[in-house]
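What follows is a set of notes on a single structure, which appears directly below.
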Amino acid sequence: MSRLLNAFRSCGGVIAAGLLVLAGVLPAQQGWAQGAASHAPEPGGVEYGFLNSSDMDKAGTVSLELDTVGLYGRRGRHFASSDTLLNLAYAVTDQVQVAFGPQFTIASVHVVPGLPDVRRALLGGFRGDLRLGLIDRRSNPIGLTLQFTPQWRFADEAVRRGAAHGLAVSLALDRELIAGTLFGTLNLTYEMTHQRIDGIAGWERGSRAGLGLGLAARLSKVLHVGAEFRYLRRHDGFAAGRFHGHAFYLGPTVYAEFGGNWWASLSWQTQIAGHEVGKRHGMDLIGFERHQVRLRVGYDF
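Quick note: the sequence shown uses numbering that gives the first Met the number 0, first residue 0, plus one each step.
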C-alpha cells in the first residue's frame, strides 16, 4: 500500500490545489445551491478530452461512439500508433452506465529502441466500461463518479501480437466554478496490465498511476473549450513496484454538438516534462509519447 501511495507523492501539491478549488475552499463566484438550481446542462453535460466529468446519461440512453487515441513520437526515428474503439453504451439507470466494444489498432514503427520495425493494422482487442454515479453535481456541491475499465488485448500499441488483460480504475470529481460557464474536474487513475508478447518468454506485469486537472468553458450550449493537465507514471508489477518513468502533459480541448444528436470532441496534449529512469536529462520517450491526440465522435439515440 505504501508503494501505491508513493506513486502520487511527487504531484501532491497539484492534487491539493485541485481539491481546494473543486471542493470549494477557493469559492466559486456563486453559491452551490444557486449554481445547481439555475443551470440545467444539455444531455451529457460538460465534456472534456482525455479527462472525464461526473455527468451521467439519463436512464435508457443508448449511444454509439468512435473513440480514437493517437500516440506520436518516441525515442528513435519514427513512432505513430492509434487505437480506435467502437463503443456502444447504455445507461441502465441514472447512476449506472455500461459500455463495450472492439478496438482496432494501427501502428507505424521505424528504428525505435526495443520495438521491431512494423507497419500494420489489426483487431487489437475489446474494452468494457462500468460507470457508477456516486454524487450528482447538478444537485450537490460536487459531482463524483467511479469507473472500471477492463480490457482484453491481442496486440499492444506497437501492434506486437500476443495476449494481455488489464483493468483501469478512475475517479472523477468535478464542480461548477462559474454557474453555467466554467467547470473544473480532477481525475485519479490506476491501471494494471498483465501481458505476453509473441516471441518473448514469460508474462509481464505493469501498472500506471495518474492524475489530471481540467477546465472547460461553455461558450454556448453546443460549444465548450478547455485545457487539461495530466501527470502519468509507470511501474513494474500491480502495486506500483519499481519506478520506470513519468511524464507531464498539457494541451487544449474542444467539444461541439451538431444537428440532431451528433457530437464530437478533440484533445491534443504534448509532453512538457518527464524523466526516464537511467537518463539524467530529457523526457520519458520510452514509455510515453511526445504527443497524444484523442478524437471522439458520437451519436445519442
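Heads up, the beta-carbon is just placed ideally off N, CA and C, and yes, glycines get one too.
Exposed or buried, residue i, counting other C-beta atoms within 10 Å across all chains shown (16 or more means buried)?
i, result
"PHE147", "exposed"
"TRP262", "buried"
"HIS234", "buried"
"ASP197", "exposed"
"ILE141", "buried"
"MET55", "buried"
"PHE257", "exposed"
"ALA35", "At ALA35 the pLDDT is 29, less than 50, meaning the model places this residue with poor confidence; the figure from the coordinates comes in the next sentence. So ALA35 counts as buried."
"VAL221", "exposed"
"SER219", "exposed"
"GLU227", "buried"
"ARG295", "buried"
"HIS280", "exposed"
"ARG136", "buried"
"GLY113", "exposed"
So, under 8 Å CB-CB, residue i and residue j are touching, yes? Tell me the CB distance rounded to an integer number of Å.
i, j, result
"ASP173", "GLY183", "6 Å"
"ALA163", "HIS193", "7 Å"
"ASP283", "GLY273", "4 Å"
"TYR47", "ALA246", "No, TYR47 and ALA246 are not in contact; Cβ-Cβ is about 19 Å, not under 8 Å."
"THR144", "ASN51", "7 Å"
"VAL276", "SER264", "Contact flag wrong, Cβ pair sits at about 34 Å."
"ALA208", "GLU156", "The pair is not a contact, with the Cβ atoms about 18 Å apart (cut-off 8 Å)."
"PHE287", "LEU231", "7 Å"
"THR332", "GLY123", "Examination of residue 332 is not possible in this model, given that the chain is present from 0 through 300 alone."
Beta strand (DSSP E) containing residue i: first to last residue?
i, result
"TYR89", "77–90"
"ALA238", "Segment: none, ALA238 is in no beta strand (DSSP E) and carries neither H nor E."
"GLY297", "290–299"
"ASN186", "181–196"
"LEU210", "203–219"
"SER53", "Neither: SER53 is in no beta strand (DSSP E) and is coded neither H nor E."
"GLN270", "261–275"
"SER138", "First-last for SER138: undefined, no H or E at that position."
"THR104", "95–109"
"ARG174", "160–177"
Nearest to residue i by alpha carbon, out of the options?
i, options, result
"PRO115", "ARG159, ASP56, PRO149", "ARG159"
"ARG204", "LEU145, THR188, ARG241", "ARG241"
"SER138", "GLU288, SER53, TYR298", "SER53"
"LEU121", "ARG136, GLN102, GLU227", "GLN102"
"ILE285", "VAL292, LEU294, GLN270, ASP299", "GLN270"
"ILE199", "PRO149, GLY161, LEU181", "GLY161"
"ARG217", "SER206, GLY179, GLY124", "GLY179"
"VAL91", "ALA58, SER81, ASN260", "ALA58"
"VAL304", "ALA88, ARG232, SER219", "Beyond the ends of the chain as shown, which are 0 and 300, falls residue 304; an answer cannot be given."
"VAL117", "GLY124, GLY244, ARG279, VAL108", "VAL108"
"LEU63", "PHE228, THR83, ARG76", "THR83"
"GLY127", "ARG152, GLY75, GLY100, GLN94", "GLY100"
"HIS243", "GLY132, VAL95, LEU249, LYS278", "LYS278"
"VAL95", "LEU133, VAL45, GLY250", "LEU133"
"HIS223", "LEU212, GLY213, ALA255", "ALA255"
Ordered along the chain, which non-local residues of its own chain (more than five positions away) have a Cβ less than 8 Å from that of residue i?
i, result
"ARG289", "TYR71, GLY72, ARG73, THR269, GLN270, MET282"
"TRP202", "HIS193, GLN194, ARG195"
Excluding the five sequence neighbours on either side, which residues of its own chain have a C-beta within less than 6 Å of the C-beta of residue i, listed in chain order?
i, result
"LEU306", "Outside the displayed span of the chain (0 to 300) sits residue 306, for which this structure offers no information."
"LEU187", "LEU170, LEU210"
"GLY69", "SER81, VAL292"
"TYR189", "VAL168, ALA208"
"MET191", "GLY165, LEU166, SER206, PHE237"
"ASN260", "TYR298, ASP299"
"ALA79", "TYR71, SER107"
"SER266", "GLY48, PHE49, THR252, ARG293"
"PRO149", "GLY127, LEU166"
"VAL111", "ARG73, GLY75, PHE78"
"TYR248", "ARG229, GLN268, GLN270"
Would you verify that the beta carbon of residue i is, or is not, closer than 8 Å to some beta carbon of chain D?
i, result
"ALA200", "No chain D is present in this structure, which holds just one protein chain."
Note down, in chain order, each residue of its chain lying with its Cβ closer than 7 Å to the Cβ of residue i, except the 5 sequence neighbours on either side.
i, result
"TRP151", "GLY124, PHE125, HIS164"
The ligand SAM heavy atoms versus the CB of residue i: any closer than 7 Å?
i, result
"LEU143", "In terms of ligand content, the structure shown is empty, and the ligand SAM therefore cannot be addressed."
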